[in-house]
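Okay, so here's the structure we're looking at.
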Amino acid sequence: MIMLDMKTIMTGFILGILLQVATILALWLQHKNHYKGLHTWVLAYFMLSIAYLTITILDIYKTPVLIVFINTFSICGLISIVLGLETFFDKNISWKINLALGLTISFLTIYFTYLSPSLRGRMITTATGNSIVWAQVAFLVFYRIKADFRGIGYQMGIISCLLAANTVSRVLVNLQIHPGNTFFSAP
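Residue numbers (the numbering used here): 12 to 198.
Here it is, written out as C-alpha cells:
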C-alpha cells in the first residue's frame, strides 16, 4: 500500500487552496459591484492560503510564533467565510460571537504553544473552533436565510455539516491517540 506523508498531503491541499484563491479573486473582480460579501471571501481565502503555506515552512524554522500565526490566520480565515456569507445573504453580522471565538482560539493557541506546550491541545482547540465555524455556516443557510435562498445554501449547509462532523472526529481522535510532538508526525 502506498502511504502519503503529511508534506505531500499539505502540498496538494495548498495547491487546492491557491486554486480557490484564484477562483474567488476572479469572481470578485467580475462581480464586486453586484454581490455583497465577496471581498470578505477573498480575504478569507487569502488568510487561509497564507496559513497553510506557512505550515510547510514550520518544520524548517521551528519557531513557536509561526504556530500562533498559523492558527490565528486559519481561524480568522474561516470566520471571514461566515461573515462574508452573512453579508451575502443580508443578515446581521455575528461580530461579537466570532470575535470571542477568534480571541479564545488565539489565546488557547498561545497557551498550548508557550505556557503548556501541547500539540494535542492545539489540535483540539483548532478542531473545536473549526467545528463551531462550520456549525455557524450550517445554521445560517438552514435557518437564518430567506426560504427563496435556501436552494443556493442547501449544498453549502450539507458540506458544512460534513466538515463540522470531520473536525469533531478529529477532536475525538486526538483525545484517544496522542498526535506526537510535531504536526508532520501526527496521525
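Glycine included, C-beta positions come from ideal geometry on N, C-alpha and C.
Pick from 48, 100, 72, 17: whose alpha carbon is nearest that of residue 161? 100
Are the stretch 105-125 and the stretch 66-84 in contact at 8 Å, needing three or more beta carbon pairs? yes
Residue closest to residue 59, alpha-carbon to alpha-carbon, out of 24, 37, 130, 20: 24
Where residue 198 sits in the DSSP three-state scheme: Interpretation of residue 198 is limited by its pLDDT of 46, a score under 50 that renders its predicted location unreliable; the figure taken from the coordinates is listed afterwards. Correct three-state label for residue 198: coil.
Using 8 Å as the threshold, is the C-beta distance between residue 111 and residue 142 below it? no
Can you give the Cα-Cα distance for residue 31 and residue 129, rounded to whole angstroms? 31 Å
Could you check the C-alpha separation between residue 50 and residue 115 for me, to the nearest Å? 25 Å
Limits of the alpha helix (DSSP H) - the one that residue 165 falls within: 161-187
Is there contact here, the stretch 149-167 with the stretch 132-139, by at least three beta-carbon pairs under 8 Å? no
So, does the stretch 37-45 touch the stretch 65-75, judging by three or more C-beta pairs under 8 Å? no
Rounded to a whole number of angstroms, what is the C-alpha to C-alpha distance between residue 171 and residue 105? 17 Å
Just verifying my parser: in three-state terms, what is the DSSP assignment at residue 18? helix
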